[in-house]
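Protein chains in written order, with the working numbering: chain A, 231 to 992; chain B, 114 to 380.
We put the CB at the ideal spot given by N, CA and C, even for glycine.
Just so it is clear, the structure is predicted and the values come from calculations on it, not from any experiment.
Worksheet: one structure, shown below.
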Amino acid sequence: MPDTDSKNGARWEERLRAYRERLACGFPQVAEVFEDCMREALAVLTSAGVGGYLDTARFLGGMGRGVEPVLVFLEEWPPIARTLGEDALPAISATMHALCKSPNARAITPFLQTLAAVARRLPSGPQMQRYLDLIDDFTARTTGSIHGIQQTFASPGLPDFLAQAPALLDKLSISGLHKWVDYGIRNYPNHPERQREYFGLQSADSRAVLQRERHGTLLVDNERLLDIYLRGLWGDSAQLVPYPTDIEQLPRPVPYYDASGMRLPDVLDDVAGVSGINRYRATLAHIAAHRRWSMPMFADNCSPMQRMAIEVFEDSRIETLAMRAYPGLRRIFLALHPAPLEGACDPETTSCLRHRLTMFSRALLDAEHGYHDAELLKFVRHFHDTMAQGNSSSEEIAALALAYIARTRRQSDQLADVHFADTEVSYRDDNRHLWRFHELSDDEEMFDEQRPMEAPADGDRLPPRHYPEWDYQSQSYRPDWVSLYESLHPAGDAADIDRVLEKHAALASRLKRLLDILKPQDKLRIRYQEDGSELDLDVALRSLIDFKSGASPDPRINMSHRTNGRNLSVLVLLDLSQSLADKVEVAASGGEQSILELSQEAVSLLAWSIEQLGDPFAIAGFHSDSRHDVRYLHLKGYSERWNDAVKARLAAMQAGYSTRMGAAMRHAAHYLAAQTADKKLLLVLTDGQPADVDVHDERLLIEDARKSVEELDQQGIFTYCINLDRRADDYVGDIFGRRYTVIDNIARLPERLPELFMALTR
Amino acid sequence: MSDNEQFKVREEPFYRQQRNEVALYEAAYAARLPVMVKGPTGCGKSRFIEYMAWKLDRPLITVACNEDMTASDLVGRYLLEANGTRWLDGPLTTAARIGAICYLDEVVEARQDTTVVIHPLTDHRRTLPLDKKGELLRAHADFQLVISYNPGYQSLMKDLKQSTKQRFTAFDFDYPNAALEIAILASESGIDEATAARLVDVGAAARRLKGHGLDEGISTRLLVYAAALIKGGVTPVDACRMALVRPITDDRDIRDTLEHAVESIFV
Ligand SMILES: Nc1ncnc2c1ncn2[C@@H]1O[C@H](COP(=O)(O)OP(=O)(O)OP(=O)(O)O)[C@@H](O)[C@H]1O
Ligand SMILES: [Mg+2]
């Protein structure tokens, strides 16, 4: 054998010499890596391909641009050829020749450096050709013509663009990339500095155009759709918070949820026949299933490997339950779940635990997994048997997981080199919710409520009014339980509100059209009256014809008139409690606004709308600081017009204290009852459930508010609640029956509130 | 056939009790108290009244109320005839004369001035003044007035006056619970219980969206429709699309979600 080896060795040396000659390149750095490169090249390329490889390398080496281009090419081409096929070389080579002839030879190195990454994103010939065409176009349009002197200056933006290309293609399709490039060239043809900033992704417009052209399904565009999914199919709801996915970061960030919401990738592409939106739904289904069926466990007693196993088993358990409720989920999970190859991981050199567990998880999902491992098959059976009994539990499945890794443990599981391929289940969350730690106690939340407003000095106040409160436990009223102080709301700057109205001018003109329809006509004709003030000729003639022809005529041949159809009085009651200061994201403008600001805008538009309709209306706000101090603040009285004094008060709205709703509604009723209109409407705008600092039983103030709605109903007052709390379903129906709307997308409140009012009074 | 027989419910309507409403209704009838049935559309209100009329063996006269309805449409009017005029009783008057149960479906739809004519029939007087005819009709001892009312109308313009509401005893109806609704679907349409259960799941998803873009969830009535389509050979997915999703909303997000729910539930 050594004989043949040395013979082979000699032949190899000979071949290598021939290759070297064909390369004809004297750089010592090339000599160092040449043999390795050739081995790689020979594994991928045909002999013709090898010829092309060496010729192109020779061209690059002889270009007079130093060692870098040839070195990068020698190293990068074999893996690129593996992705694209060696036939791609002539086109790529042509591009490099063109660059070399132009003043842009310096760009060849960045072109080659990112080409492998680009090829992975554009693996087909035609796609790659479009990329090369794009470079030719880029070069032609940005090179040299700055002062009319042909082809003297290199393209300023090209090297930056080439360096960014892989990151850009993460977000853009090749067509999107074309558009993005085109925008940059058209806008910065003569500013080398600006052009460089644009193509280096440094300028704001560059990033904005990128956002506009990006592919995939964006979370921000689908928030409501996903919220409805979560609510409708899972009876769950949460803030959906996007995290950025554009960084080429490993390990990739994973979805998770905590008290502040569910974190999801900001964009998802279609994958394996599953649309981006269904990938989001898969993650939401998985998380919602955890929230429904998982119980946290103590992590302290488990090793990291045990925890990993428990997590995989638990993920599979809750998915099994989710698929019972929604069998269609299986198709989506199956398409997204990796199918690791049995034997792909070498337990001698790598830690195979992840690989093993992912196979197990796959086998649970896919009856046709085709795996042979006996332990795996046995535990798959155990798992299915356990689930056949019912829902099982986090704890029970954890025990099974521990048994499984005890049976399949390997020394190499400890190795640092972990087999990662085909083990990432993209739609699963990171399971942080599954673990509790003995050392840390997370129930020590801080309860220091903010107190931004100074209580007005007692001297300025009117004496309080007393209201009863309903104690549901004893099913009786506590008489004179609550002291309510009323006052005029302090004033700010009316111009602020005018600005708000200006900002929403487009919305206002849209509302105006709706309002015009609702607006009472001076005289309203009521037709089909037997006794009316005038004969309705149309109907009378029809009746006469009926009569003459022997059919029985309609006797309702008169009509009468009614003036002003709307006989309605409105009171808008605003919850001004502390939570109103919370910020929400306003997708449209990209900024943040507090709920208070949005309420302010919404109420301004509502007030403007009601004023157009001519319905008498008042606006008041309330908040409370224990039963001894409920404050009712007048923003607009019935006798006032929608004028600067009112706007000034609205402009000064602030958030603070708590929400003792029942008392405030009873007081509002007192004003509404004094109105003479036929219909009386109390609109309550709130962002949370009734609560106060001196009440610890959550139900108490909910029940009291419910009672006050009943009382108002008896007085002929129609109460309607507009609620901004995503969790409102738990209580709002208890209080307001069917008369409520929950506004999930608070950013849309300014348009929703007037619309709702109109729908309600149509 | 006498008037009385003509309005009888001849065959036992299929009705599954939600709680103890049958006994409560019997008690209300025994005391001849007026009854109001509240609840979302298509949850079984009309069916319940029909069933009670059958059970109590009373004639049932149903009037579907609408905006153009006037008091005369309920009470009656003079008709012109070739040789003079003739008085014709309205349905309410007929019911009061023969001792029927008069069911005014969706009274809120009627104009307020119309609703007022029922007032004297619903208190101790139990009379109906026929002004035009100059008659004060005393209601038959067996007469009872029932109205239905869907408080889901998201408009205060269509709400009953307190003075009307407070003349009735009331039943609060809601969609039947899952087990009951499954049984109803199975027996109304003849589909198997497993399929019925899947339909009820679709209904549940929509009902959770009430107030979040849907004014009303999917009614039992629509579920029965879907079941009937499936029974007739339509695929479940198509049946749901046709009977459950399209009728209730044009909101794209909600449609998408319900379609997705249907496809997830019926694979
Ligand atoms: N408890 C029940 N038992 C039997 N069938 C029921 C029951 N509840 C609902 N249904 C079914 O639902 C259908 C709709 O019910 P029904 O017509 O009584 O609705 P409704 O409440 O009167 O609706 P609307 O307010 O629109 O008139 C019935 O035809 C019947 O098939
Ligand atoms: Mg009905």
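In this structure, ligand 1 has no non-hydrogen atom nearer than 7 angstroms to the beta-carbon of F284(B). Here the alpha carbon of I404(A) sits roughly 7 angstroms from the alpha carbon of Y361(A). At a Cβ-Cβ threshold of 8 angstroms, L250(B) and L258(B) do not count as neighbours. Under the DSSP assignment, M553(A) falls in the alpha helix (DSSP H) whose first and last residues are P534 to A555. In the DSSP assignment, F379(B) falls outside any beta strand (DSSP E) and carries neither an H nor an E. Separation of Q842(A) and C156(B) (C-alpha to C-alpha, rounded to the nearest whole angstrom) is 39 angstroms. Non-local C-beta neighbours of R871(A) in its own chain, meaning closer than 7 angstroms and more than five positions away in sequence, are absent.
Closer than 8 angstroms to the CB of V380(B) there is at least one CB belonging to chain A. In the displayed model, H585(A) falls within a helix according to three-state DSSP. Within the model, the alpha-carbon separation for L836(A) versus P980(A) is close to 8 angstroms.
At a beta-carbon threshold of 9 angstroms, the residues of chain A lying near P264(B) are G967, R968 and R969, ordered along the chain. The beta-carbon of H237(B) is placed no less than 8 angstroms from the nearest beta-carbon of chain A. According to the DSSP assignment, Y164(B) belongs to the alpha helix (DSSP H) that extends over K158 to L169.
In the three-state reduction of the DSSP assignment, K323(B) falls in the strand class, which pools E and B.
DSSP, reduced to helix, strand and coil, places F120(B) outside both helices and strands of the structure shown, so it counts as coil. In the DSSP assignment, E194(B) falls within the unbroken beta strand (DSSP E) covering G189 to E194. One finds nothing in chain B with a Cβ atom closer than 8 angstroms to the Cβ of I548(A); even the nearest lies about 16 angstroms away. Take the alpha-carbon of D366(B) and the one of E443(A): they are about 23 angstroms apart.
Residue state for R786(A) is assigned as coil, using DSSP reduced to three classes. Per DSSP, the unbroken alpha helix (DSSP H) holding G462(A) starts and ends at E453 to W464. Residue pairing by DSSP puts R251(B) in a beta bridge opposite T240(B).
Listed as beta-bridge partners of N133(B) by DSSP are no residues whatsoever. Between R354(B) and chain A, the shortest Cβ-Cβ separation is not below 8 angstroms. DSSP links Q257(B) through a beta bridge to I214(B).
Collapsing the DSSP output to three states places S277(A) in a helix. In the DSSP assignment, D710(A) falls within the beta strand (DSSP E) that extends over S706 to L718. As computed with DSSP, K866(A) is found in a beta bridge with I849(A).
Judged by DSSP secondary structure, N953(A) falls within the beta strand (DSSP E) whose first and last residues are I947 to N953.
Not one beta carbon of chain A lies nearer than 8 angstroms to the beta carbon of I260(B). Shown here, R437(A) sits in a helix according to DSSP, grouped into three states. Remark: the C-beta of Y128(B) is in contact range of ligand 1, defined as less than 7 angstroms to any heavy atom. Following the DSSP letters along the chain, one finds W838(A) inside the alpha helix (DSSP H) bounded by residues I825 to L843. Using a C-beta cut-off of 8 angstroms, the region 440-459 of chain A makes contact with the region 490-503 of chain A, since at least three inter-stretch Cβ pairs fall below that distance. Any Cβ of chain B closer than 8 angstroms to the Cβ of E764(A) would place that residue at the interface, and such an atom is absent. Distances taken from the Cβ of V221(B) to the heavy atoms of ligand 1 include none shorter than 7 angstroms. Legend: CB atoms of the region 189-217 of chain B lying less than 7 angstroms from CB atoms of chain A belong to residues R190, L192 and L193.
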